[in-house]
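Per full-length UniProt numbering, the sequence shown starts with residue 5, numbered consecutively. Just so you know, even glycine gets a beta-carbon here, dropped at the ideal spot from N, CA and C. Down below is the structure, laid out as structure tokens.
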Amino acid sequence: GRLVVLVSGSGTNLQALLDASADPSYGARVVAVGADREGIAGLDRAEKANVPTFVEKLADHPSRADWDAAVAARIASYEPDLVVAAGFMKILGEPTIGAFPVVNTHPALLPSFPGAHGVRDALAHGVKVTGCTVMLADSGVDTGPIIAQEAVAVLPDDDEASLHERIKTVERDLLVEIVGRMVREGWTVSGRVVRIGNQTG
Ligand code: GRF
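Structure follows, in structure tokens:
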């Protein structure tokens, strides 16, 4: 399976996918890494792993629609079986969402606390359990069908950084497991329910 991974930040989820795919039995490998900005550790990780990279900055395009088309064209050129948005901080447009299955990861238990500050919002709400969600991306903000979730306890002394770090440890393992299983076993979507495996035929 061919993966294109999209990043906007430190890229530790990307690194986990790169590490997992070093074992051929994982069944998937990262064929390209795309970003919406330069100078991020995620791009350095790709280069260190000899994986080609591309950057499409929104500001370099006359319109959002033009950026959407450019991102989709870049992705398409690598012929992925699956696109993974791993800490990619932009909503993907129809040209990408409509053309490829896109897996997204979020550091909260959706549908609670969607958006860019899922960890901060969960802490501010005072929840005692939060976690991470792996979902299929759709055109909304963290609204796509949920594939898998894992719970993480909020500790009394947690701040946003400590809680996010603990969530990310769980999140990386879950993302690696789910992406691998999707590529190896296939998946079906019925309504909002995603089922891995059980492919007929
Ligand atoms: C992850 O928690 C992801 O869900 C998010 O930001 C973090 C990205 O981390 N929204 P990294 O860039 O993979 O290290």
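Just to check, is the beta-carbon of residue i closer than 7 Å to a non-hydrogen atom of the ligand GRF?
i: lysine 52; result: no
i: glutamate 175; result: yes
i: alanine 26; result: no
i: histidine 110; result: yes
i: glycine 119; result: no
i: threonine 134; result: no
i: residue 206; result: Since the first residue shown for the chain is 5 and the last is 205, residue 206 is missing from the structure and cannot be characterised.
i: valine 145; result: no
i: glycine 13; result: yes
i: leucine 102; result: According to the sequence displayed, residue 102 carries glycine and not leucine. Glycine 102: no, Cβ never under 7 Å from the ligand GRF.
i: lysine 172; result: yes
i: alanine 126; result: no
i: alanine 90; result: yes
i: glycine 97; result: no
Can you give me the C-alpha to C-alpha distance between residue i and residue j, rounded to a whole angstrom?
i: glycine 38; j: alanine 26; result: 20 Å
i: proline 28; j: alanine 53; result: 15 Å
i: leucine 18; j: proline 160; result: 30 Å
i: proline 99; j: valine 75; result: 8 Å
i: alanine 90; j: isoleucine 101; result: 15 Å
i: threonine 109; j: glutamate 169; result: 14 Å
i: valine 87; j: isoleucine 79; result: 8 Å
i: glycine 119; j: methionine 139; result: 13 Å
i: glycine 130; j: arginine 124; result: 10 Å
i: lysine 172; j: alanine 165; result: 10 Å
i: arginine 33; j: alanine 63; result: 30 Å
i: proline 149; j: alanine 155; result: 18 Å
i: valine 174; j: leucine 167; result: 11 Å
i: valine 107; j: lysine 94; result: 14 Å
Go through its chain and collect everything with a Cβ distance to residue i's Cβ below 8 Å, but skip five positions before and after it.
i: glycine 205; result: Bear in mind that the predicted position of glycine 205 carries a pLDDT of just 43, short of 50, making it too unreliable to give a figure here.
i: isoleucine 200; result: Ile151, Ile182, Arg185, Met186, Glu189, Gly190 and Trp191
i: arginine 41; result: Ser12, Val59 and Lys61
i: glutamate 51; result: Thr57
Can you check whether the CB of residue j is closer than 8 Å to the CB of residue i?
i: alanine 112; j: threonine 147; result: no
i: alanine 36; j: valine 55; result: yes
i: arginine 188; j: glycine 13; result: no
i: leucine 179; j: alanine 20; result: yes
i: aspartate 72; j: glycine 97; result: yes
i: proline 84; j: leucine 7; result: yes
i: valine 158; j: valine 133; result: yes
I believe residue i touches residue j by the beta-carbon criterion, under 8 Å. Please report the beta-carbon distance rounded to the nearest angstrom.
i: leucine 127; j: aspartate 162; result: 7 Å
i: arginine 176; j: threonine 57; result: Between threonine 57 and arginine 176 the Cβ distance is about 20 Å, and since that is not below 8 Å, they are no contact.
i: leucine 22; j: arginine 49; result: 7 Å
So, at 6 Å on beta carbons, what are the nonlocal neighbours of residue i in its own chain, with the 5 sequence-adjacent residues on each side left out?
i: leucine 47; result: Ala39 and Thr57
i: histidine 121; result: none
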